[in-house]
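Since the structure comes first, as structure tokens, the remarks are kept for the end.
Protein chains in written order, with this note's numbering: chain G, 220 to 332; chain W, 193 to 307.
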């Protein structure tokens with residue numbers, strides 16, 4: 220049973236446009252969500268996080284939106300740059316319950332110049 | 193501050209052998225978690241160690257084991273290797289561990305190939 224789902228395996232976006240990566244979760248106990256970026260031959264790098272008490276968190280070009288009622292979160296990258304081309308993983312945990320992070324399978328973003 | 197380091201970076205073994213992977217966390221981090229990444233499967237949680245104690249365990253067979261030392265360095269061992277164990281093994285460290293509002297920092301991973 221996949222508790223964190225990234226339904227789009229890949230996404231292509233033109234440089235300068237907005238990239239929107241989506242993530243759905245099923246476990247209503249999840250209250251902490253993170254996005255990681257991964258380049259080939261490197262470990263994932265933390266991008267941005269959001270706790271369930273917020274519905275939006277922004278850091279430079281990256282914004283994460285959380286819709287608790289829909290159990291859905293999204294990562295917006297504006298403007299997209301070629302260096303953003305990577306695999307993006309969504310992760311969630313029930314931080315108050317001492318449970319490990321659960322990762323989605325990732326979305327490969329390609330930003331075309 | 194130095195990041196998470198993993199050794200070796202690449203490893204080739206044959207079926208039936210055993211392997212030990214090593215992870216050094218960021219200085220001051222007491223939690224080390226291990227993940228397996230295979231193509232199309234995302235990151236599958238193996239186990240977490242915190243202050244030398246296994247605190248969480250994922251759904252992997254007993255051939256996968258680990259330990260943590262007093263300096264927070266961790267090792268992961270896989271015995272009786274199978275072809276399906278070929279994967280990227282990632283180690284992540286964090287200050288307060290899984291189940292707390294803090295991010296994990298990943299190492300570059302060890303690419304294990306089982307022939």
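Glycine residues also receive a C-beta, built at the ideal position from the N, C-alpha and C atoms.
Cβ-based burial, residue i [other Cβ within 10 Å; buried from 16]
i: residue 237 of chain W; result: buried
i: residue 279 of chain W; result: buried
i: residue 232 of chain W; result: exposed
i: residue 250 of chain G; result: buried
i: residue 260 of chain W; result: buried
i: residue 290 of chain W; result: buried
i: residue 256 of chain G; result: buried
i: residue 275 of chain G; result: exposed
i: residue 251 of chain W; result: exposed
i: residue 230 of chain W; result: exposed
i: residue 263 of chain G; result: buried
i: residue 304 of chain G; result: buried
i: residue 258 of chain G; result: exposed
i: residue 241 of chain W; result: buried
i: residue 262 of chain W; result: exposed
Close Cβ partners of residue i (< 7 angstroms) along its chain, the five nearest in sequence each way excluded
i: residue 332 of chain G; result: 234, 301
i: residue 300 of chain W; result: 198, 201
i: residue 228 of chain W; result: 236, 238, 279, 281
i: residue 257 of chain W; result: 269
i: residue 288 of chain G; result: none
i: residue 314 of chain G; result: 250, 251
i: residue 243 of chain W; result: 222
i: residue 297 of chain G; result: 237, 280
Which listed residue (the options) has its alpha carbon closest to that of residue i
i: residue 267 of chain W; options: W:307, W:224, W:250, W:289; result: W:224
i: residue 307 of chain W; options: W:196, W:204, W:195; result: W:204
i: residue 208 of chain W; options: W:273, W:259, W:265; result: W:273
i: residue 271 of chain G; options: G:283, G:262, G:298; result: G:283
i: residue 319 of chain G; options: G:285, G:253, G:325, G:241; result: G:253
i: residue 226 of chain G; options: W:245, W:265, W:234, W:254; result: W:234
i: residue 269 of chain G; options: G:330, G:260, G:312; result: G:312
i: residue 214 of chain W; options: W:244, W:240, W:265, W:194; result: W:265
i: residue 281 of chain G; options: G:329, G:330, G:238; result: G:238
i: residue 248 of chain G; options: G:330, G:329, G:321; result: G:321
Rounded Cβ spacing between residue i and residue j (contact assumed at less than 8 angstroms)
i: residue 232 of chain G; j: residue 310 of chain G; result: Not really, about 22 angstroms apart at Cβ, beyond 8 angstroms.
i: residue 219 of chain W; j: residue 196 of chain W; result: 10 angstroms between Cβ atoms; not a contact.
i: residue 296 of chain W; j: residue 284 of chain W; result: 4 angstroms
Other residues of its chain near residue i: CB distance less than 6 angstroms, five sequence neighbours each side excluded
i: residue 246 of chain G; result: 222
i: residue 327 of chain G; result: 229, 306
i: residue 278 of chain G; result: 267
i: residue 285 of chain G; result: 269, 274, 292
i: residue 305 of chain W; result: 204, 278
i: residue 240 of chain G; result: 294, 307, 326
i: residue 247 of chain W; result: 240
Cβ-based neighbour list, residue i, same chain, cut-off 8 angstroms, excluding 5 preceding and 5 following
i: residue 211 of chain W; result: 203, 205, 269, 270, 273, 304
i: residue 245 of chain W; result: 260
Report task. Jot down the residue ranges of each uninterrupted beta strand (DSSP E) in the region 237-280 of chain G, minimum 3 residues, whole runs only, in chain order. Result -> Within the region 237-280 of chain G, the beta strand (DSSP E) runs of at least 3 residues that lie entirely inside it are, in chain order, 238-244, 251-257, 264-270, 275-278.
Query raised in the report: At which residue ranges does the region 234-262 of chain W contain complete beta strand (DSSP E) runs of 3 or more residues, listed in the order of the chain?
Result: Counting only runs of 3+ residues, the beta strand (DSSP E) found wholly inside the region 234-262 of chain W occupies 235-242, 245-249, 256-260, in chain order.
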